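Working notes, structure below.
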Amino acid sequence: MLPFLQYLSDGAEHSLRDAEESLGEYFKLSPAERAELLPSGQQGVFKNRIGWARTYLKKAALLESPKRAVFKITERGAKVLASNPTKIDVKYLEQFPEFIEFRDASKPEISTAAAVEIPQTKTTPEEAIELAHQGLREQLAAELLSRILGCSPTFFEQLVVELLVKMGYGGSRRDAGERIGQTGDGGIDGIIKEDRLGLDTIFIQAKRWQGSVGRPEIQKFVGALQGQRAKKGVFITTSSYTADAADYATRIDTKVVLIDGKQLAGLMIDFDVGVSPAATYVVKRIDSDYFEES
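The letter at position 209 of the sequence shown is residue 208 when you use numbering that gives the first Met the number 0, and the numbering goes up by one with no holes.
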C-alpha cells in the first residue's frame, strides 16, 4: 500500500490501469508474474492486490475517487507520506476511525460466529478464500485416491468410464460401458466412443498402482492399441508416471494421454464423480453500471 500511495504523491488523478502498470515496474515484475492468476483462474493476483490496496487506502481516507474509475491522494494521504512511514499495512491503517468503521462493518452480527477480521497477512480476502478452497480440494483429492485404492479393479474401470461420460465422451452411460472388460486384450481395459455419434473410439487402460508407472507399461498399451489399429488411447493410474514414460508418450505417433492420480482426482471433483457439493459461497462485487444515472 505504501508504493501505491507514493505513486499518487503528484496529486493528479490516476486510473487503476495506470497504477497497475507503474507498480508492476516498481516491483520489477516479469510478464509471467503480472499474468499469474488466483487458483480459480478468474482474476490476476497482482490486479487483485492492487484493487484491495486501493480499497483499504480509500476506506482510511488516504485517497479519494473524484469520479468513476479514477482516484487521487487526499490531504491526509499527503500528510502520511510526509511522515515517511516504513510501510503501510492493515495495522497502520487502524489509527484512522474511518478504517476502523469499515473493519467493524466486515464482521458478522451473529454472536456465535467468529468475527471475520480483515486479513493481517499479505493475502487479500479473495486470495485467503481461494487458498482455503485449494487446501480443501487437495484434501478431498487425497481422500478420493484412498477410497479408489480400496475398491476392486472392476469398480475402478467402471469409475473411469463414468468420468469420461461426464466429460462428454461415449454418449450414454449404458453405451459407454457395454464393452468394458470384453476386449480380450490384456493391454486394454475398455473402449469408449469419442463423441455421441461414435465417429472414433478411444481405448482405455485403468490401473490402480502404488508405485510409478514406467515406460514398459506404456509400451505394452501402445502395442495393444496397434493390434487393434487404434489411433487414440487413455492410460489412467492412481499413482504417477516416470519421466521416461511421460517422454515416450510424447514421441510416438499413436495419441496416448496419460492421466495420473492427481489429475484423476481433480477431474472427479470437477465433474462430480464420487463427490457431492457440501456448501456454496458466492462472492459478489458492485455492479458499477447499475449506479450509472442517465
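No residue lacks a Cβ here, since even glycine has one placed at the ideal position from N, Cα and C. Keep in mind that this is a model prediction, so the values were computed, not measured.
{"Query": "Short of 7 angstroms in beta carbon distance, which residues of its chain neighbour Ala245, apart from the five on each side in sequence? Order them along the chain.", "Result": "Leu257"}
{"Query": "Return the chain-ordered ranges of every beta strand (DSSP E) run that is complete within the stretch 258-283 and spans a minimum of 3 residues.", "Result": "none"}
{"Query": "Quick one: measure Cβ to Cβ for Leu15 and Phe3, integer angstroms, because I've assumed they're closer than 8 angstroms.", "Result": "No, Leu15 and Phe3 are not in contact; Cβ-Cβ is about 10 angstroms, not under 8 angstroms."}
{"Query": "Would you grab the beta carbon distance between Leu162 and Val272 for me? Rounded to a whole angstrom, and I think it's under 8 angstroms.", "Result": "5 angstroms"}
{"Query": "Write down the C-beta distance between Thr73 and Leu62 rounded to the nearest angstrom, noting that I regard them as a contact closer than 8 angstroms.", "Result": "6 angstroms"}
{"Query": "Could you work out which residue in Gly50, Trp51, Glu35 and Ala52 is closest to Val44 when comparing CA atoms only?", "Result": "Glu35"}
{"Query": "Return the first residue and the last residue of the beta strand (DSSP E) that Val212 is part of.", "Result": "Element bounds for Val212: n/a, residue is neither H nor E."}
{"Query": "Among residues of its own chain, excluding the 5 on either side of Glu177, which ones have a beta-carbon nearer than 7 angstroms to its beta-carbon?", "Result": "Its pLDDT being 48, under 50, Glu177 is placed unreliably by the model, and the measurement read from it follows with that caveat. So the list is empty, once near-sequence residues are dropped."}
{"Query": "Out of Ala68, Leu56, Arg75 and His132, point me to the one whose CA is closest to Gly40's CA.", "Result": "His132"}
{"Query": "Assuming Val159 and Ala104 make a contact with CB atoms under 8 angstroms, what is their CB distance in whole Å?", "Result": "Their Cβ separation, rounded to whole angstroms, is 50 angstroms, which puts Val159 and Ala104 out of contact at 8 angstroms."}
{"Query": "Contact check, Ser238 vs Gln209 under 8 angstroms by CB: the rounded distance?", "Result": "6 angstroms"}
{"Query": "Within its chain, find whatever has a CB closer than 8 angstroms to the CB of Leu139; leave out the 5 residues flanking it on each side and keep chain order.", "Result": "Ala264, Ile268 and Val274"}
{"Query": "Over what stretch of residues does the beta strand (DSSP E) that includes Thr236 continue unbroken?", "Result": "Lys231 to Thr236"}
{"Query": "For Phe270 and Pro124, what's the separation of their Cα atoms in angstroms?", "Result": "27 angstroms"}
{"Query": "What is the DSSP secondary structure of Gly167, reduced to helix, strand or coil?", "Result": "coil"}
{"Query": "From this set, Leu224, Ala77, Leu28 and Phe155, which residue's C-alpha is nearest Asp9's C-alpha?", "Result": "Ala77"}
{"Query": "Please report the residue range of the beta strand (DSSP E) in which Phe190 lies.", "Result": "It is worth fixing the name first, because residue 190 is Ile in this sequence and not Phe. Start and end: Gly189 to Lys192."}
{"Query": "Taking Lys57 as part of the beta strand (DSSP E), name the residues at either end of that continuous run.", "Result": "Segment Val44 to Lys58 is the alpha helix (DSSP H) holding Lys57; no beta strand (DSSP E) there."}
{"Query": "Buried or exposed, going by whether 16 or more other CB atoms sit within 10 Å of the CB of Met166?", "Result": "exposed"}
{"Query": "Where Ala248 and Arg136 are concerned, what is the direct C-alpha to C-alpha distance, given to the nearest angstrom?", "Result": "28 angstroms"}
{"Query": "Can you tell me which of the three DSSP states Thr241 falls into?", "Result": "coil"}
{"Query": "Can you check which of these residues, Glu19, Glu126, Glu24 and Lys261, is closest to Leu144 by C-alpha distance?", "Result": "Lys261"}
{"Query": "Closer than 8 angstroms, CB to CB, is Val69 near chain D or not?", "Result": "Among the chains in the structure shown there is no chain D, since it carries only a single protein chain."}
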